[in-house]
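Single-structure report; data block below.
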Amino acid sequence: MAKRASVRKGVVALTIAAVLAGCAVGPNYKRPETRVAPQFAGAEASTYETTQDTQVQFWRQFDDDTLDQLVSDALTANHDLRIALGNLVEARGSRRESLYDLAPTVTAAGGYTKQLVPATQFGFPFSSSYYQAGFDATWELDFFGQVRRGIEAKTAQVQGAQASLRDAQVSVIAEVARTCFELRGQQTQLEVAQRNVVNQTDTLKLTQARLDAGRSTELDTSRAQSQLSTTLSTIAPLQASIARSIHRLSVLTGREPNALTDLLAPAKDLPELPKIVAISDPATLLRRRPDIRVAERQLAASTALVGVAIADYFPKVTFSGNFSYAALQPSNLGTSPSRSYVIGPGISWAGFNLGRVQAQVAQAHARNDVALARYEKTVLGALEETENALVTHARARDSLTHLAAAAEASATAARLARTRYEGGYVDFLEVLDAERTQLEAEHRLAQSRTETATSLIAVYKALGGGWEQAPLPRYTRAQDRQ
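Just add 38 to wherever you are in the sequence shown, counting from 1, and you've got the numbering used here.
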């Protein structure tokens with residue numbers, strides 16, 4: 039009967055503990071509400087269409103096998119992504135570890151000692167052996183939710199690390215696409231310069247022939263040579279830019295800088311851009327952008343940590359116990375005479391140190407205020423980035439249309455000026471001016487095409503797309519060997 043009464047008392051005690059454990063001090067987290075416009079102001083341009091069906095893998099719409107392969111390689115081998123994945127795995131491990139704080143901590147121990155007593159003590163030598171085996175257990179009851187608030191913070195940190203990985207994926211995809219398009223633009227500019235070198239070389243030969251025939255002056259020849267040399271001087275910087283872009287793409291895909299030279303050195307045109315770009319609305323942006331999710335989860339974690347700090351105002355109740363067997367012979371271990379146990383509660387309280395606790399709570403509240411401000415700043419920054427990207431791309435398209443017309447007109451003017459010069463109708467300065475205008479127009483057109491393409495990538499990056507179907511990168515040596 040006494041044993042049954044003891045069991046009943048234990049059940050009652052555990053029930054009371056469970057009821058009390060339902061209380062968790064500190065503020066309960068609620069995601070901040072952000073009011074946004076129904077659509078972006080820049081979405082009013084004819085370039086865009088607001089829809090929920092936006093491009094998930096936006097780079098595939100360009101039908102560029104090389105770009106597709108570069109993005110795929112980067113998503114599996116980029117070192118920034120491997121670092122982000124490692125941080126996520128670490129955060130998950132930290133959360134799993136914190137879950138054990140809810141359960142008793144049990145440690146097992148065993149020992150054997152043998153003592154030899156010399157004859158000088160009792161007149162004759164003798165030895166004794168001592169065997170011991172058992173376990174210790176401690177359990178801190180989470181009356182005021184300090185442990186659960188800590189787990190809540192760890193959970194938010196895991197979700198934040200996952201969002202950080204997604205944010206890194208968005209950034210890497212965008213950087214690969216942008217660098218690839220910059221490379222194509224640089225190659226186009228190099229072709230423009232080389233084509234103009236050919237034209238200006240022909241012009242130099244023409245002036246030299248006219249000089250030999252006595253129909254021109256040495257001044258015309260010098261001017262033609264000067265213009266040719268100036269154009270030739272632009273080739274080396276363009277070649278250096280091309281090399282840097284190739285190096286960058288190689289490193290982005292987890293390779294040595296020159297690994298992709300053979301693949302990317304051959305010139306390739308920029309892809310055709312979609313006439314209408316599908317974009318989301320601001321509310322969808324807030325849900326989709328990983329960096330906003332990171333800031334929001336950091337706010338959730340800091341809110342939970344306020345509760346962790348507040349819980350130090352209250353006492354901590356711990357149950358400790360020891361159960362063991364001790365005997366002089368191993369065969370006696372496990373028998374009733376060799377058994378011993380100790381069990382009892384313990385209470386600790388920072389009652390004489392509440393000033394320190396109050397200071398720690400104030401710090402936790404301040405960190406929470408900082409996290410809220412950082413979240414609001416991230417939201418506003420995302421909206422600003424998106425609006426800027428939308429207007430930049432729309433205006434880049436307008437500029438491209440005008441520059442294409444200007445390049446075509448300047449090419450016609452240069453051809454006519456050269457023909458008129460050959461016929462002796464105009465001065466050579468008119469030819470030089472027409473060729474300079476042509477070179478500048480074609481160069482600006484190539485730049486504009488590049489800027490239009492890269493500004494579209496900026497739109498997709500600002501919208502936060504690309505991570506939804508992205509594979510996880512490798513992050514362990516074992517995975518690298520597979």
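For every residue, glycine included, the Cβ atom is placed at its ideal position computed from N, Cα and C.
{"Item": "Inter-residue CB distance, residue 398 and residue 329 (contact presumed, cutoff 8 Å)", "Value": "Contact doesn't hold; Cβ gap of about 30 Å is too wide."}
{"Item": "Residues of its chain near residue 132, where Cβ-Cβ distance is below 7 Å and the 5 sequence neighbours each way are ignored", "Value": "192"}
{"Item": "Rounded separation between residue 26 and residue 426 - CA only", "Value": "Absent from the model: residue 26. The displayed extent of the chain is 39 to 520, so no value can be given."}
{"Item": "Distance, residue 153 Cα to residue 366 Cα", "Value": "11 Å"}
{"Item": "Same chain, Cβ closer than 7 Å to residue 108, five either side skipped, listed in chain order", "Value": "214, 218, 287, 291"}
{"Item": "Residue 393, buried or exposed, once every other Cβ within 10 Å from all chains shown has been counted against 16", "Value": "exposed"}
{"Item": "Simplified DSSP assignment, three categories, for residue 171", "Value": "strand"}
{"Item": "Bridge partner(s) assigned by DSSP for residue 383", "Value": "357"}
{"Item": "Segment limits, beta strand (DSSP E) that includes residue 417", "Value": "Run containing residue 417: none in the beta strand (DSSP E); it sits in the alpha helix (DSSP H), 392-460."}
{"Item": "Any 3 or more C-beta pairs closer than 8 Å across the stretch 459-468 and the stretch 265-284", "Value": "no"}
{"Item": "Helix, strand or coil at residue 327 according to DSSP, with G and I counted as helix", "Value": "coil"}
{"Item": "For residue 146, the nearest candidate out of 135, 173, 136 (CA to CA)", "Value": "173"}
{"Item": "Boundaries of the alpha helix (DSSP H) in which residue 498 is found, first to last residue", "Value": "466-501"}
{"Item": "Same chain, Cβ closer than 6 Å to residue 343, five either side skipped, listed in chain order", "Value": "191, 402"}
{"Item": "Local conformation of residue 63 per DSSP, three classes", "Value": "coil"}
{"Item": "Distance CB(residue 491)-CB(residue 311) smaller than 8 Å", "Value": "yes"}
{"Item": "Other residues of its chain near residue 377: CB distance less than 6 Å, five sequence neighbours each side excluded", "Value": "363"}
{"Item": "Nearest-angstrom Cβ-Cβ length linking residue 483 and residue 432, presumed shorter than 8 Å", "Value": "Contact flag wrong, Cβ pair sits at about 18 Å."}
{"Item": "Presumed contact (8 Å Cβ cut-off) between residue 324 and residue 72, rounded CB distance", "Value": "6 Å"}
{"Item": "Through-space distance from residue 270 to residue 242, alpha-carbon basis", "Value": "13 Å"}
{"Item": "Separation of residue 357 from residue 51, as counted between CA atoms", "Value": "Annotation note: pLDDT 45 at residue 51 (below 50); position unreliable, coordinate value reported separately. Cα to Cα, residue 51 sits roughly 12 Å from residue 357."}
{"Item": "Cα-Cα separation between residue 226 and residue 289, rounded to whole angstroms", "Value": "23 Å"}
{"Item": "Sequence-distant residues of its chain with Cβ nearer than 7 Å to residue 43 (five each side left out)", "Value": "Only weak support is given to the placement of residue 43: the predicted model assigns it a pLDDT of 45, under 50, and the question is left unresolved by the model."}
{"Item": "Limits of the alpha helix (DSSP H) - the one that residue 247 falls within", "Value": "184-250"}
{"Item": "Alpha-carbon to alpha-carbon, residue 266 and residue 501", "Value": "45 Å"}
{"Item": "Cβ contact (3+ pairs, closer than 8 Å) linking the stretch 76-96 and the stretch 313-323", "Value": "yes"}
{"Item": "Under the three-state DSSP convention, the category residue 127 falls into", "Value": "helix"}
{"Item": "Reference residue 22, options 74, 261, 447, 224, closest by Cα", "Value": "What the structure shows of the chain is the stretch from 39 to 520, and residue 22 is not part of that stretch, so it cannot be assessed."}
{"Item": "Alpha-carbon to alpha-carbon, residue 64 and residue 348", "Value": "6 Å"}
{"Item": "Classification of residue 375 by the beta-carbon crowding that lies within 10 angstroms, buried from 16 upward", "Value": "exposed"}
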